[in-house]
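Novice: The structure under discussion is supplied below as structure tokens; questions concerning it will follow.
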Amino acid sequence: MGWHEVAGADALRDGEAIGVTVDGHPIALCRSGGELHALHNMCTHQFALLSDGYVEDGCIECPLHQGRFDLRTGAPLCAPVTEPVRIYAVKTEDGKVYVELGD
Amino acid sequence: MFSVNTVIGQPGSFAKERLDESHEYKWPEGGLQYIPDWVYTSPEIYQREIRRIFHGPTWNFVALEAEIPNPGDFKRSYVGPTPVVVTRDSDGAVRVFENRCAHRGAEFCRTQRGNVKEFVCPYHQWSYDLQGNLQGVPFKRGVKGEGGGMPKDFRNEDHGLLKLDVSTLHGVVFASFSKDVEPIEQYLGPRILKDFEVVFKERRLRILGYYRNELPGNWKLYHENLKDPYHATLLHSFLVTFGLMVAGSKNGMIADATGRHGTLASAKPEDVAAAVGAVKGEMRAYREDFKLADGRFLQYVREFDSPWSVTMQTIWPNLIVQRELNTLGIRHIVPNGPHSMIMLWTMFGYETDDEEMVRHRLRQGNLMGPSGFLGLEDNEAIKFVQEGVRRSPSDRGVVKLGGDTQGSTNAVIDEAAIRGMYAYYRRTMGL
């Protein structure tokens, strides 16, 4: 619940993803086109960390079977992924990145 | 279990399995009236059969559509000895591909049947869609920061599973490794198609169950046995004792124009008691004091538009369609080296069957199967032949009944259909 500090604002270059754990939740934090995004870090297809994947063109590609998700919506974009991945709100304040866990 | 141990013993134990490579496979003098033992024993001939027959221009049975009714349904199957997967893809089309991962060759599908969204090889988790296309390669781009991964020019489209051609006919699925095989109706020919349609056309099947057994004999012996009406009353004392088939009843051995397929047909005598009475003196196997404890067992419910109460179809190279009274089934032959075959049995009825009919089919199913009243005797006879040909210095069998005719015959004491099959076999095999 609420906003959690997860990283410094300079922790990610553009096109990069890192894995963080917030209150026990695995989260992939990515920067794409200057914008920050946070998604649940587990691929909805099989057991793989999205933060080990590739951030490109507003998407993240899972390293295991190349399934891609839209960073803004979490929507699955190609086979074999069919289920969306959960997304979280992100903000930057005073040089720090915060993620909101929600309900 | 002396005999079982000896026949399944190590390949290479017996003289006929150690033919040197310069051995000349020359058919014995006398044409088709002799069959050389090496067609049953030689590893080189077996390899040639796999190449020219099972992987050649033939349609191989792989599944019944009733086994895979829904998208994502699949079944593990075989074309010759080669493992394949049969699936229904998301568009409802039936697909058949090798059960061999395109990466390192693992037989990835380990479950007999089920429903999936995709196939994933357990070794390195390469994943394939329901059409056999390569979908995902784990760490295709390496591990971030550490390099590795596939070269940039690696294209998934070039590394899918090997796909076979597929034909379905009245709910029966056939596959072929070859592009040079004629359409399935032509492949069967009109005479075989006719009795095939009696069982399958406009019928919705209900699968009743499966058997599986190893049969320690060469795969061709199973075809021969069902192209051999001669053995029926002599080997199967059950047939005679209970009046299912006697030497005087109406029989037919129907072969297609090529000689490779066959239908062994008979019509159950209307008056069983009279028919048995007429011939019992001639039949060594007949036992007057034997009675079935349950008379329902041999009841024949007339449900087919056919003069035959029994049709056993051998469809080259790997399918038997069994219609014996009301018990229906598929036998799928999987060759397993020159001395062995795996027999996969699928018993079925129709969706329109009521519970009583299902019970009847199941009860009557005891005629066939690995330990059926009739089936077990065929299995034993085939094993005896393999044991004999494998270990003796004599080198040929005799198929002279009926002279030198080939193919269809109305005579029971006739081996014309076996000769017809070997005429075709020799052309195909270049022997």
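First to last, the protein sequences are chains L and D.
Every letter in the first sequence is one number past the one before it in the working numbering, and letter 15, counting from 1, is 50.
Every letter in the second sequence is one number past the one before it in the working numbering, and letter 272, counting from 1, is 1223.
The C-beta atom is built at its ideal place from N, Cα and C for all residues, glycine as well.
Can you check which of these residues, GLU1306/D, GLY1339/D, HIS974/D and GLY982/D, is closest to LEU1159/D by C-alpha distance?
Specialist: Numbered from 1 along the second sequence, position 208 holds the residue referred to as residue 1159/D. Taking only the C-alpha atoms, the option nearest LEU1159/D is GLU1306/D.
Novice: In the region 1084-1095 of chain D, which residues sit with their C-beta less than 8 Å from some C-beta in chain L, listed in chain order?
Specialist: Under the 8 Å Cβ criterion, the region 1084-1095 of chain D contributes GLN1086, GLY1087, VAL1088, PRO1089, PHE1090, LYS1091, ARG1092, VAL1094 and LYS1095.
Novice: Compare the C-beta of ASP1131/D against all C-beta atoms of chain L and say whether one is closer than 8 Å.
Specialist: For the purposes of this step, residue 1131/D is taken as residue 180 along the second sequence, with counting starting at 1. No, ASP1131/D lies away from the interface with chain L (no Cβ there is under 8 Å from its Cβ).
Novice: Closest to GLY1065/D by C-alpha separation, out of VAL1030/D, ILE1019/D, SER1028/D and TYR1029/D, would be which residue?
Specialist: Stepping through the second sequence from its first residue, residue 1065/D is reached at position 114. That would be ILE1019/D, whose Cα lies nearest to the Cα of GLY1065/D.
Novice: Relative to chain D, which residues along the region 96-110 of chain L have a C-beta separation below 9 Å, given in chain order?
Specialist: The region 96-110 of chain L vs chain D, Cβ under 9 Å: GLU96, CYS97, PRO98, LEU99, HIS100, GLN101 and GLY102.
Novice: Just to check my reading of the structure: TYR991/D and PRO1289/D have Cβ atoms closer than 8 Å, yes? What is that Cβ distance to the nearest angstrom?
Specialist: Residue mapping note: residue 991/D aligns to position 40 of the second sequence, counting from 1. Residue mapping note: residue 1289/D aligns to position 338 of the second sequence, counting from 1. With 8 Å as the limit, TYR991/D and PRO1289/D qualify as a contact, their Cβ atoms being about 6 Å apart.
Novice: Once DSSP output is grouped into helix, strand and coil, what is the label at ARG1347/D?
Specialist: By one-based count along the second sequence, residue 1347/D stands at place 396. Note: ARG1347/D maps to strand in three-state DSSP.
Novice: Can you tell me which residues form a DSSP beta bridge with PRO111/L?
Specialist: One-based indexing of the first sequence puts residue 111/L at position 76. Bridge partners of PRO111/L: PHE104/L.
Novice: With H, G and I counted as helix, E and B as strand and the rest as coil, what does DSSP make of LEU99/L?
Specialist: Taking the first sequence and counting its residues from 1, the one referred to as residue 99/L is at position 64. DSSP places LEU99/L in coil when its eight states are reduced to three.
Novice: Do you know whose CA, among TYR985/D, HIS1311/D and THR1303/D, lies nearest LEU1276/D's CA?
Specialist: As a first step, residue 1276/D is located in the second sequence; it is residue number 325 there, counting from the start. Answer by Cα proximity: HIS1311/D.
Novice: To the nearest angstrom, how far is it from the Cα of ILE959/D to the Cα of MET1292/D?
Specialist: Walking along the second sequence from the start, residue 959/D turns up at place 8. Walking along the second sequence from the start, residue 1292/D turns up at place 341. The pLDDT assigned to ILE959/D is 48, lower than 50, so where the model puts this residue is not dependable; a value taken from the coordinates is nonetheless given after this. About 11 Å.
Novice: So is ALA46/L in contact with chain D if we call contact Cβ pairs under 8 Å?
Specialist: Translated into the one-based positions of the first sequence, residue 46/L becomes position 11. Taking Cβ atoms only, chain D never reaches closer than 8 Å to ALA46/L, which makes this a no.
Novice: Do MET1204/D and LEU1195/D have their C-beta atoms closer together than 8 Å?
Specialist: Along the second sequence, read from residue 1 onward, the residue named residue 1204/D stands at position 253. Along the second sequence, read from residue 1 onward, the residue named residue 1195/D stands at position 244. Going by C-beta atoms, MET1204/D is not nearer than 8 Å to LEU1195/D.
Novice: Along chain D, which residues have their Cβ under 8 Å away from the Cβ of ASP87/L?
Specialist: Taking the first sequence and counting its residues from 1, one reaches residue 87/L at position 52. VAL1094 and LYS1095, listed in chain order.
Novice: Closer than 8 Å, CB to CB, is ASP1365/D near chain L or not?
Specialist: Position 414 of the second sequence, counting from 1, holds the residue named residue 1365/D. No, no contact with chain L.
Novice: The beta strand (DSSP E) spanning THR1214/D covers which residue range?
Specialist: Residue numbering aside, residue 1214/D sits at position 263 when the second sequence is read from its first letter. Per DSSP, THR1214/D belongs to the beta strand (DSSP E) from 1213-1217.
Novice: Mind checking the region 1099-1120 of chain D against chain L and listing, in chain order, the residues whose C-beta falls within less than 9 Å of any C-beta there?
Specialist: Residues passing the 9 Å Cβ filter: ASN1107.
Novice: What residue range does the alpha helix (DSSP H) around ILE996/D cover?
Specialist: If you number the second sequence from 1, residue 996/D lands on position 45. Element bounds for ILE996/D: 994-1000.
Novice: Which word fits SER1343/D, buried or exposed, when buried means at least 16 other C-beta atoms lie within 10 angstroms of its C-beta?
Specialist: Counted from its first residue, the second sequence places residue 1343/D at position 392. By the 10 Å Cβ count, SER1343/D comes out exposed.
Novice: Would you identify the three-state DSSP class for SER1129/D, choosing helix, strand or coil?
Specialist: Working through the second sequence from its first residue, we reach residue 1129/D at position 178. SER1129/D: coil per DSSP, three-state reduction.
Novice: Taking only beta-carbon positions, decide if PRO119/L is within less than 8 Å of chain D.
Specialist: Along the first sequence, one-based indexing puts residue 119/L at 84. Cβ-Cβ to chain D under 8 Å: no for PRO119/L.
Novice: Might you give, ordered along the chain, the residues of its own chain that have their beta carbon closer than 7 Å to the beta carbon of PRO987/D, omitting 5 neighbours on each side?
Specialist: Along the second sequence, one-based indexing puts residue 987/D at 36. Within the same chain, PRO987/D has close Cβ partners TRP978, PRO979, ASP1346 and ARG1347.
Novice: Taking contact to mean 3 or more Cβ pairs, one atom from each stretch, closer than 8 Å, check whether the region 61-74 of chain L and the region 1042-1055 of chain D are in contact.
Specialist: Taking 8 Å as the limit for Cβ pairs, the verdict is that the region 1042-1055 of chain D does not touch the region 61-74 of chain L.
Novice: Please go through the region 1063-1096 of chain D and give each complete beta strand (DSSP E) segment of 3 or more residues, from N-terminal end onward.
Specialist: Within the region 1063-1096 of chain D, the complete beta strand (DSSP E) runs of at least 3 residues are 1064-1066 and 1085-1087.
Novice: In chain L, which residues lie less than 7 Å from SER1384/D when you measure between Cβ atoms?
Specialist: Residue 1384/D lies beyond the stretch modelled for chain D, which goes from 952 to 1382, so this question has no answer here.
Novice: On a Cα-Cα basis, can you pick out the residue from GLY1246/D, ASP1024/D and GLU1069/D that is closest to GLN1063/D?
Specialist: Within the second sequence, the letter at position 112 stands for residue 1063/D. Answer by Cα proximity: ASP1024/D.
Novice: Measure the C-alpha to C-alpha separation of LEU74/L and ARG1039/D and round it to an integer number of angstroms.
Specialist: Here residue 74/L is taken as the residue at index 39 of the first sequence, counted from 1. Here residue 1039/D is taken as the residue at index 88 of the second sequence, counted from 1. If I take the Cα positions, the gap works out to 34 Å.
Novice: Taking all protein chains shown into account, do 16 or more other C-beta atoms lie within 10 angstroms of the C-beta of ASN1330/D, making it buried, or fewer, making it exposed?
Specialist: The sequence position of residue 1330/D within the second sequence is 379, counting from 1. ASN1330/D should be labelled buried.
Novice: If you follow the beta strand (DSSP E) that VAL1047/D is part of, which residue opens it and which one closes it?
Specialist: Walking along the second sequence from the start, residue 1047/D turns up at place 96. Element bounds for VAL1047/D: 1045-1049.
Novice: DSSP three-state label for SER954/D, please.
Specialist: The residue you call residue 954/D lines up with position 3 of the second sequence. Low per-residue confidence applies at SER954/D: pLDDT is 38, beneath 50, and the placement is therefore not dependable, though the value from the model is reported in the following sentence. SER954/D falls in the helix class under three-state DSSP.
Novice: Checking 8 Å against the spacing of the C-beta atoms, do GLY1300/D and MET1294/D come in under that value?
Specialist: Taking the second sequence and counting its residues from 1, the one referred to as residue 1300/D is at position 349. Taking the second sequence and counting its residues from 1, the one referred to as residue 1294/D is at position 343. In this structure, MET1294/D does not lie closer than 8 Å to GLY1300/D by Cβ.
Novice: Which same chain residues, not among the five before or five after ASN1164/D, have their C-beta less than 7 Å away from its C-beta?
Specialist: For the purposes of this step, residue 1164/D is identified with residue 213 of the second sequence, where counting begins at 1. Within the same chain, ASN1164/D has close Cβ partners MET1294 and PRO1321.
Novice: Would a C-beta distance cut-off of 8 Å place VAL1030/D and ALA1126/D closer than the cut-off?
Specialist: In the second sequence, the residue the question calls residue 1030/D occupies position 79. In the second sequence, the residue the question calls residue 1126/D occupies position 175. Yes; because the gap between Cβ atoms is below 8 Å, this pair is in contact.
Novice: Would the region 1114-1129 of chain D count as touching the region 1173-1189 of chain D if we require 3 or more Cβ pairs under 8 Å?
Specialist: Result no; under three Cβ-Cβ pairs closer than 8 Å.
Novice: Could you pull the start and end residues of the alpha helix (DSSP H) that SER1188/D belongs to?
Specialist: The sequence position of residue 1188/D within the second sequence is 237, counting from 1. First-last of the alpha helix (DSSP H) with SER1188/D: 1188-1192.
Novice: Can we say the region 997-1012 of chain D touches the region 1355-1374 of chain D, given the rule of at least three CB pairs closer than 8 Å?
Specialist: Too few Cβ pairs lie closer than 8 Å, so no.
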